[in-house]
Amino acid sequence: MTQVSLPQPVGTDLELEMEAVGSAHRGGRFWSGRSRYLLGAVSIVLCLVMLTPIVLSVSASLKTTQEAAAVPPTYFPSELSLDNYEKLWDYGSGLPRYLTNSVITAFLTIAMTLILTVPAGYGLARFPIPGKELIFVFLLLALIIPYQALLTPIFLMFSTLGLTNNLFGLAIVHTLIQLPFSIYIMRNAFEAVPRELEEAALVDGASTWQVLRRVFLPNMVPAIITVTLFAFVMSWNEFLGALVMLTRDTTLTLPLVLAAARSVTSLGSTDWGMLQAGVTVAIIPCVLFYLLLQRYYVSGLLTGAVK
Amino acid sequence: MTNRSKLTGFWYVLPALLFVVTFTAWPFLQMVWISLNEWSLITPPEFVGLQNYIDAFADSQFWISLRFTLKYTLYITPILMIGGYLVALLVTPNSGLSRFTRTIVFIPVVIGLGASSFLWYWLFSPNYGLINKFLIDLGIIDTPILWLGVDADLSNWAIIISVTWKVLGFGMILFVAAIQAIPHEITEAAMVDGAGLWQRVRKLILPLTRRTILLVTLVSVIGSLLAFDQFYIMTAGQPRNLTATSVFFVYLNSFPYLKLGYGAALSMILALIILGFTIVQMMLTRRAET
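Residue numbers (my numbering), protein chains in the order written: chain A, 479 to 785; chain B, -7 to 282.
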């Protein structure tokens, strides 16, 4: 059989964590004594450089309208104000509408991704299927064909189905983007569950579906969190698909609102304060979820990037 | 149970299979067909064979976009690789500060490219942006620099700076994992032999993390070749579409211009280029595992 080169699970240990792997690398071993202080200083400077743009953006969003439009600009607001957020709240169809659109799209994407990939991972990891290798390659097709190249035919298909200007339609696009990564993560996670657990339940006469629910799902929680987290962040931030699929103002998601909000003043110039308020609103949930679920993020990346 | 379970497994995979057939494989076949037609959505499609592909190779904007995309990729990839690796070396020891630095450097990775592009669009703004303000305050420049949309090279560099900030943490985290996976005894032995840090990096750490370096390089290259958001947002292709990347050019033809056949042909060419890199990536993954 001619085999298409295929990524295989690199390790069955989804929970591979850098902290665990690197337990040997205690502070002093890697770097010699004196250079540690220098490197500590470099680390701190690096953190400052990485944080500065975010801090500046958030603080610009808290300037008054006049100060946000000042030339030359100020680094930090001389007086705190929520003007920009009030303007953003009322912008176009209103921020609540756009936030709702983004949340609905992300939620539908997560739901579809899980509904498709949990059973698929189970099937691929736990059953003998004729032509399994081939099916797996096929399922990873979206990895090989970039979705950016598929948007024209999908747009045509969706316009006949009435799925343009429709959040469900956009969620389908987001699901197809996220599918290969998620299937990969799920299959690896299902493969990592010891066979004895499954066999014991099967001997008791449970159906495969019951085994999936009772035996596997409790073990799938980390993988499900990882898949959900990545699907959320992708859907919340995705730009090009949304740009193509959504044109009606009431259907826009947050990234598109930023694009629209760029030229809002009467002269067509940019309301910088409001734009940075939008940036702040767009980044808050992502950063928050990342900080809360960091280890899932890292384990997902380590498993998935090797896809 | 053999026969039944063969079918059982298939039923579990079927929904995902149908989804990929409907929303990836079928659109792909349609795209092949559309690319062989002249079609502007208003008029019915007319079969023209390979004419769209011939047109593409004769279209100067096609080459401008492709060349610009390659240039962007060629500039940003070494920056991301070397930068990411240096940061990884810096934060590999599991001290508190290292962990903290890892977390901070990774934060921009989770921010959307759209949001980060709007953030940097403001920072780079000639009169309202803080980058010019900072450079003027330092006395490095007297008049504001027009970073974006006026000069193609300057725009490219401004965008490279913003994207480097955004994705540096991606390579860093994978490099840290790879460096930490090197068995402790190996590095320890080298240290006993009196190998300095530079020697250890060059003779041990780099060769032992070669696979990750290759993979991160390919992921970055593919990502850069598909760049769109940052250019659409920060330069809108200006000046004179000189900063319109390949995906941007596909987008322009397919949607605002509604040249569907031509857009599909361009998509096919782009997909083939990406396919080449993806095959290399998969071969590397497979070979490294066996």
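For each residue, glycine too, the CB sits at the ideal point set by N, CA and C.
State yes or no: is the C-beta of residue i within less than 7 Å of the C-beta of residue j?
i        : j        : result
B/THR227 : B/GLY141 : yes
B/LEU252 : B/LEU6   : no
A/ASN562 : A/ALA760 : no
B/PRO19  : A/ILE632 : yes
A/GLY647 : A/PHE636 : yes
A/GLY713 : A/ALA584 : First, the residue type needs correcting, since residue 713 of chain A is Ser and not Gly in the sequence shown. The answer is yes: Cβ separation under 7 Å.
B/GLN222 : B/VAL272 : no
A/ALA598 : A/GLU669 : no
B/ALA8   : A/LEU617 : yes
A/THR686 : B/THR0   : yes
A/GLY683 : B/TYR4   : no
A/LEU645 : A/ASN579 : yes
B/VAL12  : A/LEU619 : yes
Let me confirm a value: residue i is counted as buried when at least 16 other C-beta atoms fall within 10 Å, else exposed. Which label applies?
i        : result
A/VAL499 : Since pLDDT at A/VAL499 reaches only 42, below the 50 mark, its modelled position is unreliable, and no value is offered.
B/ILE46  : exposed
B/TYR64  : buried
A/VAL533 : exposed
B/SER246 : buried
A/SER501 : Only weak support exists for where A/SER501 lies, its pLDDT of 43 falling under 50; the coordinates are left without a value.
A/GLY505 : With a pLDDT of only 42 at A/GLY505, under the threshold of 50, the placement of this residue in the model should not be trusted, and no figure is reported.
B/LYS195 : exposed
A/TYR768 : buried
A/HIS652 : buried
B/LEU10  : exposed
A/GLU716 : buried
B/THR270 : buried
B/THR35  : exposed
A/PRO551 : buried
A/HIS503 : Residue placement at A/HIS503 cannot be trusted, given a pLDDT of 48 that sits under 50; the coordinates are not used to answer.
A/PRO436 : Coverage of chain A is limited to positions 479 through 785, which leaves residue 436 of chain A absent and any answer about it impossible.
B/MET23  : buried
A/ALA519 : exposed
A/GLY609 : exposed
A/PRO733 : buried
B/LEU90  : It is Ser, not Leu, that sits at residue 90 of chain B in the sequence shown. Label assigned to B/SER90: buried.
Please list, in chain order, the chain B residues whose beta carbon lies closer than 8 Å to that of residue i.
i        : result
A/LEU424 : In the structure as shown, chain A begins at 479 and stops at 785. Residue 424 of chain A is therefore absent and cannot be evaluated.
A/TRP714 : GLY104
A/ALA441 : Here chain A covers residues 479 to 785 and nothing more, so residue 441 of chain A does not appear.
Give me the chain A residues within the contact set of residue i, using Cβ-Cβ distance strictly less than 8 Å, ordered along the chain.
i        : result
B/GLY255 : THR630
B/LYS125 : PRO550, PRO551, TYR553
Which chain B residues sit within Cβ distance under 7 Å of residue i?
i        : result
A/SER535 : LEU111
A/ILE650 : PHE15
My understanding is that residue i touches residue j, with C-beta atoms under 8 Å, so please give their C-beta distance in whole angstroms.
i        : j        : result
B/VAL242 : B/LEU218 : Actually they are not in contact, since the Cβ atoms of B/VAL242 and B/LEU218 sit about 10 Å apart, beyond 8 Å.
B/ILE225 : B/GLY106 : 7 Å
A/LEU628 : B/ILE165 : Not really, about 29 Å apart at Cβ, beyond 8 Å.
A/LYS565 : A/ASP749 : 7 Å
B/ILE235 : B/ASN148 : Reading the sequence as shown, one finds Thr at residue 235 of chain B and not Ile. The pair is a contact, with the Cβ atoms about 7 Å apart (cut-off 8 Å).
A/LEU529 : B/ILE153 : Incorrect: roughly 16 Å between the Cβ atoms, too far for contact.
B/TRP139 : B/LEU130 : 16 Å between Cβ atoms; not a contact.
A/LEU476 : A/TYR775 : There is simply no residue 476 of chain A to check, as chain A begins at 479 and stops at 785 in what is shown.
A/GLY751 : A/SER539 : 6 Å
B/LYS110 : A/LEU753 : Checking the sequence shown, residue 110 of chain B turns out to be Phe, not Lys. Their Cβ separation, rounded to whole angstroms, is 6 Å, which keeps B/PHE110 and A/LEU753 in contact under 8 Å.
B/GLY161 : B/VAL208 : So it is not a contact: roughly 12 Å between Cβ atoms.
Taking Cβ-Cβ distances shorter than 9 Å, what residues in chain B pair up with residue i?
i        : result
A/PRO597 : TRP3, TYR4, VAL5, LEU6, PRO7, ALA8
A/GLY601 : THR0, GLY1, PHE2, TRP3, TYR4, VAL5, LEU6, ALA8
What residues from chain A crowd round residue i, counting only those whose CB sits closer than 7 Å?
i        : result
B/VAL40  : Per Cβ cutoff of 7 Å: no residues; B/VAL40 is ~16 Å from chain A at best.
B/ILE225 : ALA737
B/ASP221 : PHE717, LEU718
B/SER259 : ALA627, THR630
B/ASN44  : Within 7 Å Cβ-Cβ: nothing; B/ASN44 doesn't reach chain A, min ~12 Å.
B/TRP190 : Here the premise fails: no neighbours, minimum Cβ distance about 11 Å.
B/LEU122 : LEU534, PRO551, TYR553
B/ALA263 : ILE623, PRO624, ALA627
Counting only Cβ pairs nearer than 7 Å, list the residues of chain E close to residue i.
i        : result
A/PHE646 : Although the question refers to chain E, the structure presented lacks it and instead comprises the protein chains A and B.
So which residues on chain A does residue i lean against when the C-beta distance must stay under 9 Å?
i        : result
B/ASN119 : VAL549, PRO550, PRO551
B/PHE241 : Residues of chain A passing the Cβ test: none, with the nearest at roughly 11 Å.
B/PHE247 : LEU629, THR630, PHE633, LEU721, VAL722
Contact list for the region 192 to 206 of chain B against chain A, Cβ threshold 7 Å: none
Residues in the region 88 to 107 of chain B having any Cβ partner in chain A nearer than 9 Å: GLY88, LEU89, SER90, ARG91, PHE92, THR93, ARG94, THR95, ILE96, VAL97, PHE98, ILE99, PRO100, VAL101, VAL102, ILE103, GLY104, LEU105, GLY106, ALA107
Residues within the region 749 to 761 of chain A neighbouring chain B, beta-carbon criterion of under 8 Å: TRP750, LEU753, GLN754, GLY756, VAL757, ALA760, ILE761
Contact list for the region 137 to 158 of chain B against chain A, Cβ threshold 9 Å: SER154, TRP157
Contacting positions in the region -6 to 25 of chain B - beta carbon closer than 7 Å to chain A: SER(-3), LYS(-2), THR0, GLY1, PHE2, TYR4, VAL5, PRO7, ALA8, LEU9, PHE11, VAL12, PHE15, THR16, ALA17, PRO19, PHE20, GLN22, MET23
Contact residues within the region 674 to 687 of chain A, judged by C-beta distance below 7 Å to chain B: THR686
Members of the region 555 to 569 of chain A near chain B, C-beta cut-off 8 Å: none
Short-range partners of chain A found in the region 162 to 179 of chain B, where Cβ spacing is below 7 Å: ILE165, LEU166, VAL168, ALA169, GLN172, ALA173, HIS176
Interfacial residues, the region 573 to 590 of chain A to chain B, with Cβ spacing under 9 Å: MET590
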